[in-house]
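> Structure below; questions to follow.
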Amino acid sequence: MLNFNYRIPTEVFFGEGQLKVLGNQIRRYGSKLLLVYGGGSIKKMGLYANVIELLQSADIPFWELSGVEPNPRVTSVRKGIDLCRKNEIDFILAVGGGSTIDCAKIIAAGFYYSSDPWDLMIGKAKIEKALPLGTILTLAATGSEMDPMAVISNPETHQKVGIGHPSLSPVFSILDPTYTFSVPKNQTAAGTADIMSHVFESYFSKTRSAFLQSRLAEGILKTCIRYGPQAMENPEDYEARANLMWASSLAINGLLSYGKERKWTVHPIEHELSAYYDITHGVGLAVLTPHWMEYVLSEQTVDTFKEYGVNVWGLNPQDNAFAAARQAIAKTREFFVSLGLPTSLHEINIPEDKLEVMARAATKSGPLGEFRPVNAEDVLQILRAAL
Ligand code: NZQ
Ligand code: ZN
2 MLNFNYRIPT EVFFGEGQLK VLGNQIRRYG SKLLLVYGGG SIKKMGLYAN VIELLQSADI
62 PFWELSGVEP NPRVTSVRKG IDLCRKNEID FILAVGGGST IDCAKIIAAG FYYSSDPWDL
122 MIGKAKIEKA LPLGTILTLA ATGSEMDPMA VISNPETHQK VGIGHPSLSP VFSILDPTYT
182 FSVPKNQTAA GTADIMSHVF ESYFSKTRSA FLQSRLAEGI LKTCIRYGPQ AMENPEDYEA
242 RANLMWASSL AINGLLSYGK ERKWTVHPIE HELSAYYDIT HGVGLAVLTP HWMEYVLSEQ
302 TVDTFKEYGV NVWGLNPQDN AFAAARQAIA KTREFFVSLG LPTSLHEINI PEDKLEVMAR
362 AATKSGPLGE FRPVNAEDVL QILRAAL
């Protein structure tokens with residue numbers, strides 16, 4: 002196991018009815034608030050009305066930024082920063098899925114940066130600090146509610162970029178599984194694939210000595226395999242929604258990757274698909290993951306795939322390593338198909354013409370991953386296989 006520093010600072014209020022802590026939590030960190038949300042799902046489910054009522058009864062002045070897009074755009078970030086500056090806002094509350102939370106995070110950081118916030122995303126300037134941020138999560142997927150990462154898109158330049166900084170970790174997150182009852186089937190499926198992909202990104206590692214992290218990872222994968230279909234079947238199944246919600250946070254908050262090398266592969270490739278075609282993140286991951294697995298399966302990696310097959314899919318430990326590995330990959334693909342997710346780029350209307358551009362863009366800072374590093378040519382092969 003490699004050395005690591007444990008830091009997961011977000012205070013989590015988990016379970017039905019936890020919204021009651023909102024007023025007191027906000028008062029701990031700020032006095033004037035920017036409420037950030039998406040295209041209206043929180044109004045339909047009644048959460049918006051409840052939040053407004055709590056803010057009013059706690060006498061907390063607030064301003065609103067609504068309409069944050071899935072694959073949030075830098076234009077929304079700019080609007081949010083303007084609102085914060087004009088109104089001397091000192092706390093941000095994001096209510097929604099990963100897109101809303103990510104947008105809020107870069108508003109929080111951009112507030113302290115005098116020029117265009119896109120500079121922070123592309124490394125032209127560094128995040129120094131951020132306004133404190135709280136979240137009320139409505140979709141189990143990205144883990145943004147408990148991690149220090151944010152992903153923002155710039156459609157003008159066809160870029161979708163992720164960054165991390167300790168100041169971006171929410172100070173608190175309210176995780177009430179009932180807020181995810183209204184998540185439609187396709188987003189439940191995409192969210193489940195996203196959680197699984199976060200686990201895969203650290204599970205498939207060259208570091209084999211972090212035994213504990215790998216077993217925790219398998220537990221989260223089994224949780225997704227058990228409860229993803231259950232939540233799709235019965236959207237108001239509290240047990241299923243609760244388990245998926247907690248899996249979403251634990252998959253990416255650091256717990257699984259501590260003690261291992263951290264270099265992701267499938268995510269940076271998917272971000273290029275989203276940057277060019279504005280697709281749903283989890284859908285892109287579901288298409289790419291089995292193709293990536295097939296591509297990196299080799300003498301060096303086969304044992305980890307077999308371990309995955311035996312511990313997660315219940316394959317026979319006596320099976321030949323390559324046969325078990327292939328079966329494990331097939332099971333992964335079958336599972337995504339059972340959730341109604343696509344298996345090819347063709348199915349999500351992505352043609353061949355930009356594959357090379359995307360493969361180069363994904364690897365512009367060097368090869369991806371450490372389990373089996375992939376360069377631009379490898380990424381192109383994976384994308385071609387996924388066509
Ligand atoms: O905009 P609204 O009306 O709220 O509708 C959203 C949106 O249309 C809807 N939705 C959310 N909660 C709902 C609901 N509909 C009904 N009932 C509810 N309770 O779902 C749609 C998708 O929402 P979005 O926030 O875009 O989804 P998700 O949480 O999957 O976030 C995806 C974004 O996060 C990034 C992705 O790249 C993508 O941009 N990621 C962020 C990460 C991070 N910060 O750590 C890591 C991830 O790997 C990922 O890259
Ligand atoms: Zn993801």
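First residue of the sequence shown? That's 2 in our numbering, and the numbers climb one at a time after it.
Think of the CB as a built atom: it goes at the ideal place given N, C-alpha and C, for glycine as much as any other residue.
Taking the alpha-carbon of residue 128 as reference, which of 168, 98 and 153 has the nearest alpha-carbon?
168
> Can you give me the C-alpha to C-alpha distance between residue 326 and residue 293, rounded to a whole angstrom?
13 angstroms
> Between which two residues does the beta strand (DSSP E) harbouring residue 160 extend?
160-165
> Would you grab the beta carbon distance between residue 376 and residue 9 for me? Rounded to a whole angstrom, and I think it's under 8 angstroms.
With a Cβ gap of about 33 angstroms, residue 376 and residue 9 do not count as contacting.
> Going by beta carbon distance, what residues of the same chain come within less than 6 angstroms of residue 189, once the five residues before and after it are set aside?
232 and 233
> Please look up how many angstroms separate the CB atoms of residue 344 and residue 337, rounded, as I've assumed it's under 8 angstroms.
7 angstroms
> Which partner residues of residue 137 appear in the DSSP bridge assignment?
96 and 175
> Could you please give the first and the last residue of the uninterrupted alpha helix (DSSP H) stretch that includes residue 323?
322-339
> For the candidate residues 258, 193 and 342, whose alpha-carbon lies nearest to that of residue 226?
193
> Within 6 angstroms: the Cβ of residue 140 and any heavy atom of ligand 1?
yes
> Over the uninterrupted alpha helix (DSSP H) stretch that includes residue 113, give me the two end residues.
Unbroken run through residue 113: none, as it is neither H nor E.
> Write down the C-beta distance between residue 152 and residue 119 rounded to the nearest angstrom, noting that I regard them as a contact closer than 8 angstroms.
In fact, because the Cβ distance is near 13 angstroms, the residues do not count as touching under 8 angstroms.
> Check whether the Cβ atoms of residue 96 and residue 38 sit closer than 7 angstroms, and answer yes or no.
yes
> Near ligand 2, which residues have their beta-carbon closer than 6 angstroms to a heavy atom?
143, 195, 198, 199, 268 and 282
> Pick out whichever of 214, 64 and 71 has its Cα sitting closest to the Cα of residue 86.
That would be 64, whose Cα lies nearest to the Cα of residue 86.
> Measuring CA to CA, which of 146, 201 and 71 is closest to residue 279?
71
> Classify residue 177 as buried or exposed, calling it buried when 16 or more other Cβ atoms lie within 10 Å of its own Cβ.
buried
> Any heavy atom of ligand 1 closer than 6 angstroms to the Cβ of residue 148?
Because some heavy atom of ligand 1 lies under 6 angstroms away, the Cβ of residue 148 counts as near it: yes.
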